[in-house]
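With numbering that gives the first Met the number 0, letter number 192 in the sequence shown gets 191, and the count goes up by one each step, no holes.
As structure tokens, the structure follows; a few thoughts come after it.
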Amino acid sequence: MSQGNDATAARDARYDENNLIWVDMEMSGLNPDSDRVLEVAVVVTDAQLELIAEGPALAVHQDERVLAAMDDWNTATHARSGLTARVRESTLDEAAAEAAVLDFLRRYVPEGRSPMCGNSICQDRRFMARWMPRLEAYFHYRNLDVSTLKELARRWKPDAYRAFEKQNRHEALADIYESIAELKHYRAQLLAV
């Protein structure tokens, strides 16, 4: 997309190439070839993990066939969180949700600069590449996966691992904030910065 005057005028004063884009998606299952995106959310922080802006948290409409094909875990989890009802009520498809997220991100972070940040982020990237390829292409090819530090803490410093208690709400926006808090925890416990 062209970075003309309109795109430049829309930039937030905190627009910076070092800002980090945090993303989480909820899906109908684990296979991007047969399952679909149910929800996508993004948050932008600065390099020190301080909140810059909360982006959209969007339920993506899927037909009943997709919802009926979910396994028991996904069916129960997404019903309990209210996501299944939000998916049924949503009028956004993947392309519309992708466009809304991109419109938001362009105000805060230049294309190709931020790694994709979150927990087990490779799974989100796989679904993004399949169902929201323009959004996936907006990120740098690197990932900032908090799960890596969690796995290292579990092996190298179990007290630090046990000290962070996850809520596991499986709501995209809540999960992003939990990932940011978890990285702050491991930064304090494991990293001399």
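From the three backbone atoms N, C-alpha and C, an ideal C-beta is built for every residue, glycine too.
How would you write the range of the beta strand (DSSP E) that residue i sits in, first residue to last?
i	result
P55	50-58
D23	19-26
V143	It should be noted that the sequence gives Leu, not Val, for residue 143. Where L143 is concerned, the enclosing beta strand (DSSP E) stretches over 142-144.
A84	No beta strand (DSSP E) holds A84; the alpha helix (DSSP H) holding it covers 82-88.
Does the beta-carbon distance from residue i to residue j come in below 9 Å?
i	j	result
A58	R85	yes
S33	Q61	no
E97	L134	yes
W130	R35	yes
M115	N73	no
Can you find a CB in chain B that lies within less than 9 Å of the CB of residue i?
i	result
A84	Of the protein chains in the structure, only one exists, and it is not chain B.
Could you check where the alpha helix (DSSP H) with residue i kicks off and where it finishes?
i	result
M127	120-130
Since I believe residue j is in contact with residue i (beta carbons under 8 Å), could you give me their beta-carbon distance rounded to a whole number of angstroms?
i	j	result
S178	H139	S178 to H139, Cβ: 17 Å. No contact.
H169	E25	6 Å
T44	N18	7 Å
Q188	A152	7 Å
L182	L48	6 Å
Whose C-alpha, out of the options, is nearest the C-alpha of residue i?
i	options	result
D144	D92, I20, R154, E16	I20
T106	L190, K165, E88, G54	Contrary to the premise, residue 106 reads as Arg rather than Thr in this sequence. R106 has its Cα closest to that of G54, out of L190, K165, E88, G54.
S119	N17, D23, R13, D71	D23
A128	E93, A12, E164, V65	E93
V100	E63, S80, A52, P157	A52
Inset, instruction - Report yes or no: do the segment 167-185 and the segment 26-42 share at least 3 C-beta pairs separated by less than 8 Å? - result: Enough Cβ pairs lie closer than 8 Å, so yes.
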